[in-house]
Every structure is written in C-alpha cells, then in structure tokens.
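The structure appears below as structure tokens.
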Amino acid sequence: MPALTNGSRAPEFSLNLLGDKGKFSLDQARAQGPVLAAFFKVSCPVCQLSFPYLERIFAAYGNGKPQIIGVSQDAAADSTAFAQRFGVSFPIALDEIGKYPVSKAYGLTNVPTVFWISPEGKVEFSSVGWDKKDMERLNQRYAAAAGKPKIELFKPGESVPDYKPG
C-alpha cells in the first residue's frame, strides 16, 4: 500500500517533463481539474502491462481535463524509449534518479502506483500494481470527470489478468 491513502493531502511537486517540454507543476495542473499521477519504472513488467491501458483512457477522453502525468523513476532516454515502445502519448515527468524525492514524498514502495488527486489536493483514489477492477474504476472516474461516456477499456478476447503485484 502506498503511504498516501485516500483523503491524504497530495504533496506538491514540480518536475521536468520528458522531451524538453518544460516543467509539470501539480498545483498548476490541479487548478485545471483532477490529476491522475502514475509512477513507474521502465524495467517493471507490471508497469509495461498497465501503461497501455492508461494510454487508452487518455486517448479516449481527450488530453485536457482531467490530466494524466506519468512520473518516471528512470533516465530521460530510457523513459522516451518506454513511451515509444508502449505507445504512451501523455506527458511524462522525471523524478530525480537515485534520490526519487517525489516518489518518496508519496511513500512509494512499489510501482506502478497511481493516485487520483482532486483539484483541492486530496488523494481520492490510489492503487498499487495491476488490479483490473481498479483500472476500471479509474476509467469510470476519468469518464465522469471528462463528462464523456465510459469506454470499454478491455477489448473482447483480450487476455487481461485480474491482478499482478507491483
């Protein structure tokens, strides 16, 4: 379980974005609406499983509100390769390698870990590892926040595990 539980205050952070696209500021992003922060490592097989589904959510509901930010615990080159390999088009921020100040502030012990952060700065939902039901809950939350009908996240015939620890 992440140290930050539902109802906890999400620590503010500002990190460089991949691809020299400036900085991501949680406070600025929250001013626009909810934020889904997804922490990962490129070598993590469970991250490799989950991020294409996060991309489906991002692609289905537009790239405005709410926002998704990937938070990588790896170097820029490795994170770029990960994004290309798994088709990730949402923004990715870089936590400082070796020190991981943002990951530590959020109490991470495993990846992937996702946090749904309200505009008021509260963690409203968190999930560690791969949990198919949690991914459906994120899909539902994202659709409601975007004001759009919920998509079918998992395709017919697609083999998707129910759970994998991070």
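Just so we're aligned, residue 9 is where the sequence shown starts under my numbering, counting upward by one. From the three backbone atoms N, C-alpha and C, an ideal C-beta is built for every residue, glycine too.
Per-residue DSSP class, three states only, for residue i
{"i": "LYS49", "result": "coil"}
{"i": "PHE94", "result": "coil"}
{"i": "ASN118", "result": "coil"}
{"i": "TYR61", "result": "helix"}
{"i": "SER167", "result": "coil"}
{"i": "GLN75", "result": "strand"}
First through last residue of the beta strand (DSSP E) which encompasses residue i
{"i": "THR121", "result": "121 to 125"}
Supposed contact pair residue j and residue i - C-beta distance, whole angstroms, cut 8 Å
{"i": "LEU44", "j": "TRP124", "result": "6 Å"}
{"i": "LYS140", "j": "VAL168", "result": "6 Å"}
{"i": "PHE59", "j": "PHE48", "result": "7 Å"}
{"i": "LEU23", "j": "THR88", "result": "Actually they do not touch by this definition, with Cβ atoms about 15 Å apart."}
Range covered by the alpha helix (DSSP H) that runs through residue i
{"i": "VAL136", "result": "Here VAL136 belongs to no alpha helix (DSSP H); instead the beta strand (DSSP E) covers 131 to 136."}
{"i": "SER16", "result": "Unbroken run through SER16: none, as it is neither H nor E."}
### Task
Say whether the stretch 108 to 123 touches the stretch 52 to 67, bearing in mind that this needs 3 or more beta-carbon pairs closer than 8 Å, one atom from each stretch.
Yes, the stretch 108 to 123 is in contact with the stretch 52 to 67.
### Task
Evaluate contact between the stretch 64 to 75 and the stretch 103 to 117, counting only Cβ atoms and requiring at least three cross-stretch pairs below 8 Å.
With contact defined as three or more Cβ pairs closer than 8 Å, the stretch 64 to 75 and the stretch 103 to 117 are not in contact.
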